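Structure first, then comments.
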Amino acid sequence: MAPTVASVSLVGAHRPPVPTTVRVNFHRIVMENTRLRTSFGAAFPTTMELTQITHEDDLNILGESIPMGASRRLDLGIARLFTHSPVEVPIIIERSTVPGPTVLITAGIHGDEVNGVEVVRQVISHGINKPAKGTVICIPVVNVFGFISKSRFFPDGRDLNRVFPGTKKGSLASRVAHRFTTEVLPLADLCLDFHTGGADRYNAAQVRIAPDDAAVKALADVFHAPFTLVSPYIARSYRETCGKLGIPLLLNESGMSMHLDKEMARRAVDGVIRLLNHLGMLAPGIRVPVPRHTNVLIDHHKWVRADRSGFLHVKVEMHQYVAVGDVLCTISDPYGSKSEPMMAQHAGYVINISRAPMVYQGDAIFNLAVQAPPGN
Ligand SMILES: [Zn+2]
839 MAPTVASVSL
849 VGAHRPPVPT
859 TVRVNFHRIV
869 MENTRLRTSF
879 GAAFPTTMEL
889 TQITHEDDLN
899 ILGESIPMGA
909 SRRLDLGIAR
919 LFTHSPVEVP
929 IIIERSTVPG
939 PTVLITAGIH
949 GDEVNGVEVV
959 RQVISHGINK
969 PAKGTVICIP
979 VVNVFGFISK
989 SRFFPDGRDL
999 NRVFPGTKKG
1009 SLASRVAHRF
1019 TTEVLPLADL
1029 CLDFHTGGAD
1039 RYNAAQVRIA
1049 PDDAAVKALA
1059 DVFHAPFTLV
1069 SPYIARSYRE
1079 TCGKLGIPLL
1089 LNESGMSMHL
1099 DKEMARRAVD
1109 GVIRLLNHLG
1119 MLAPGIRVPV
1129 PRHTNVLIDH
1139 HKWVRADRSG
1149 FLHVKVEMHQ
1159 YVAVGDVLCT
1169 ISDPYGSKSE
1179 PMMAQHAGYV
1189 INISRAPMVY
1199 QGDAIFNLAV
1209 QAPPGN
């Protein structure tokens, strides 16, 4: 059993009262500052600062003015199908009568990562998005085109999460990214974005944060996924754009594309509840789940590749810690004559498993993660 990083207990997390002196629109201050920023290094608000944000004015979004205490469902019209039917991205907005921060919850940027969509659906259906203070904006399916066609991509093959912040006259994906970045994202003080592993890759429940990002690390501690993975920004990703704008984003990865995974969805919804509770936004009556797992900080991970081709028979469990020499899998020919084990060459937590039935030599089949040293 490997040692684990002590985690922060969230139960009974403090709810500092909003100081009466804080009456400025913190969000505007952030945005004014970010206009001056042209590269990384934007200062994220701390968790304490997030709890003190108080938006009292109407929320102006897509031409609508939404007062405090109101509920709205809006549709972001993005394009039309060949048939001329409009394609719209539903946006579900819930505002408390009490001023507070604005949290933007998204999924389906990759259209086939349906378990992320399920997470946001549950947040809405359980009323978790009706905040005790502030505003929660939910967009369960950002890439409606990909969702319809059960694909990660847009119809032209582009990955929405590689074209941020987008351009007004660019590709269809780029135009959607641009509208999202200019019309929705500036309203957010904190973003949560839900993904799964792509293709046959089954991801352990994890939150990804950029290196040296203490403010987002503190939020990840509150969310308390089994793993917090230190992962650099990917160029032109939604997360990178948020980083440049100084808007903290927690990126949750868990499960696999085109699969609904009840346990992974539960872990993610639990994280949302803990985070909203920490910000003082959780509606009364919603139980705050006590984490039964530790939150392991990962700063290094390495893919294990198949050493031969054949049927893949996995012998380890997700989240399991494996030692050097442990059998990870066997790879067999389809004729019943050969079946060879593959052993772990280094120790680590299993944070990704290939669910492909057949693999080629060299295919990435496991990701083993090494815990960061204490104090990181
Ligand atoms: Zn994704």
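In my numbering, the protein residues as written are 839 to 1214.
All C-beta atoms in this analysis are idealised placements derived from N, C-alpha and C, irrespective of residue type, glycine included.
Quick caveat, the model's predicted, so the values are computed rather than measured.
- With contacts defined as CB atoms closer than 8 angstroms, L1166 and M1180 qualify as a contacting pair.
- The secondary-structure analysis by DSSP pairs Q1209 across a beta bridge with I1136.
- For V1022, the secondary structure class from DSSP, reduced to helix, strand or coil, is helix.
- For A1037, same chain residues with a beta-carbon under 7 angstroms away, outside a window of 5 residues either side, are S1095 in chain order.
- Your pair V1060 and D1137 does not check out as a contact, with CB atoms roughly 19 angstroms apart and the cut at 8 angstroms.
- Less than 8 angstroms divides the Cβ of M1119 from the Cβ of G972.
- If you check the CB distance, T1066 and L1135 come in under 8 angstroms.
- Each of S934, D1099 and P905 was checked against the Cα of V957, and the nearest Cα belongs to D1099.
- Under the three-pair Cβ rule at 8 angstroms, the segment 1042 to 1050 does not count as touching the segment 946 to 960.
- Under DSSP, N1041 forms a beta bridge with G1093 and N1190.
- Assignment of F983 by DSSP, reduced to helix, strand and coil, places it in the helix class.
- Distances between the C-beta of H1062 and the heavy atoms of ligand 1 are all 7 angstroms or more.
- Three or more beta-carbon pairs drawn from the segment 944 to 957 and the segment 1019 to 1037 are found closer than 8 angstroms, and the two stretches are therefore classed as touching.
- Cα atoms of K1176 and N967: separation of roughly 53 angstroms, rounded to the nearest angstrom.
- Distance check between G915 and each of S909, A908 and S923 places S923 closest, using alpha-carbon atoms only.
- One thing to note: V1110 has its Cβ no nearer than 8 angstroms to the Cβ of A1026.
- Here N1190 has G1035, R1039, Y1040, N1041, A1042, F1204 and N1205 as same chain residues with Cβ atoms under 7 angstroms from its own Cβ, once five neighbours each way along the sequence are excluded.
- Judged by their CB atoms, L1087 and D1031 are nearer to each other than the 8 angstroms cut-off.
- Close to ligand 1, as judged by a C-beta nearer than 5 angstroms to any of its heavy atoms, are the residues H948, E951 and H1033, in chain order.
- Taking all protein chains in view, the Cβ of M886 is surrounded by fewer than 16 other Cβ atoms within 10 Å, so the residue is classified as exposed.
- Proximity to I1169 across L1023, A880, C976 and H1151 peaks at H1151, based on C-alpha coordinates.
- F1002 places its beta carbon less than 8 angstroms from that of E1078.
- The beta-bridge partner set that DSSP reports for H893 consists of G938.
- The Cβ atoms of A1144 and Y1198 lie closer than 8 angstroms to each other.
- Judged by DSSP secondary structure, A1103 falls within the alpha helix (DSSP H) whose first and last residues are K1100 to H1116.
- Inclusion of H893 and P928 in the CB contact set at 8 angstroms is not warranted, their separation being larger than that value.
- If you check the CB distance, L900 and L912 come in under 8 angstroms.
- The beta-bridge partner set that DSSP reports for I929 consists of L912.
- Annotation for H1151: the continuous beta strand (DSSP E) segment containing it runs G1148 to V1152.
- Residue H1131 holds the alpha-carbon nearest to the alpha-carbon of H1062 among H1131, Q1183 and F992.
- Annotation: I962 is outside any beta strand (DSSP E); the continuous alpha helix (DSSP H) that includes it extends over V952 to S963.
- Non-local C-beta neighbours of P905 in its own chain, meaning closer than 6 angstroms and more than five positions away in sequence, comprise D896, ordered along the chain.
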